[in-house]
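Below you'll find the structure, written out as structure tokens, and then a few comments.
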Amino acid sequence: MVSPQITNLAIILVMMQLAKKIPFEDPQVLLLVRGLYILSNVIIAGIYLYTQAKISQKKDMTTLKYVEPAPLGTGEEAKPVTTTNMDYDKGQLRQLFRSQMMGVGMMAFMHLYMKYTNPLLIQSILPLKGAFESNLVKIHVFGQPATGELARPFKASGGFMSPGQPKSDKASIEAAEKNYRGGVKEE
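Position one of the sequence shown corresponds to residue 727 (this note's numbering), numbered consecutively onward.
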């Protein structure tokens, strides 16, 4: 299977070439591209709201324990987390909504204030693709089992300032519970 990053890169390259041929100076074309961008974001919001309804409908109260890595540069210890699958999924969905709203805000700034039009086309497709590729949508909308790559806690996408991956093995959980804020430390 082809990596999502490679397909994103291919989409960006194709859309950049396509954007050069689109006459954005024409008000009708510009209105059509704006409409496409708005439609894309409405579809994404609909997907996320449907996913939220499915999460609430399933009410998966299975206990989930994992160790959340400490933020880079803070000097804090890794934090043990005990939650349920439903609460974890709702938290992840909140992050997806927040990420989408940040993207809309950035695009609004770039388009309305800086008068860039080409990114509207690319941002009509990539976030929609990302919504369909998100772990929560795969589990709750497409019905894929939450095993392997879709096992909770989800692996964080490796970025430049990424704090690391959450750990769910028993030894890491016990060590974090023991050492986090007031636990008994062995000398």
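From the three backbone atoms N, C-alpha and C, an ideal C-beta is built for every residue, glycine too.
Within its own chain, the residues whose Cβ lies closer than 7 Å to the Cβ of I738, once the five positions on either side in sequence are excluded, are I848, listed in chain order. When the five nearest sequence neighbours on each side are left out, the beta carbons in the same chain lying within less than 7 Å of the beta carbon of D815 are those of I781 and L862, in order along the chain. Sorting L758, P797, T733 and V867 by C-alpha distance to the C-alpha of A779 places V867 at the top.
By the CB criterion at 8 Å, M836 and T810 fall outside the cutoff.
For E802, the three-state secondary structure derived from DSSP is coil. Note: K893 is bridge-paired with V793 in the DSSP secondary-structure output.
Contact annotation: the stretch 867–880 does not touch the stretch 760–772, with fewer than three C-beta pairs closer than 8 Å. Here R878 is buried: its Cβ has 16 or more other Cβ atoms, across all protein chains shown, within 10 Å.
N905 is a Cβ neighbour of E803, given a cutoff of 8 Å.
According to DSSP, residue pairing for V830 in a beta bridge does not occur. For V728, the closest C-alpha among the options L798, G831 and E859 is that of E859.
Around the C-beta of P753, fewer than 16 other C-beta atoms lie within 10 Å, and the residue is accordingly described as exposed.
One thing to note: F880 has its Cβ within 8 Å of the Cβ of Q818.
Apart from the 5 residues on each side of it in sequence, I899 sits with its Cβ closer than 8 Å to the Cβ of K791, Y792, V793, P806 and K893 in its chain, given in chain order. Counting along the chain, L756 sits inside the alpha helix (DSSP H) bounded by residues P753 to K784. By the beta-carbon neighbour count (other beta carbons within 10 angstroms, threshold 16), M833 is buried. In terms of Cβ geometry, L846 and V759 form a close pair [threshold 8 Å].
Among the bridge pairs identified by DSSP, V807 is matched with Y792.
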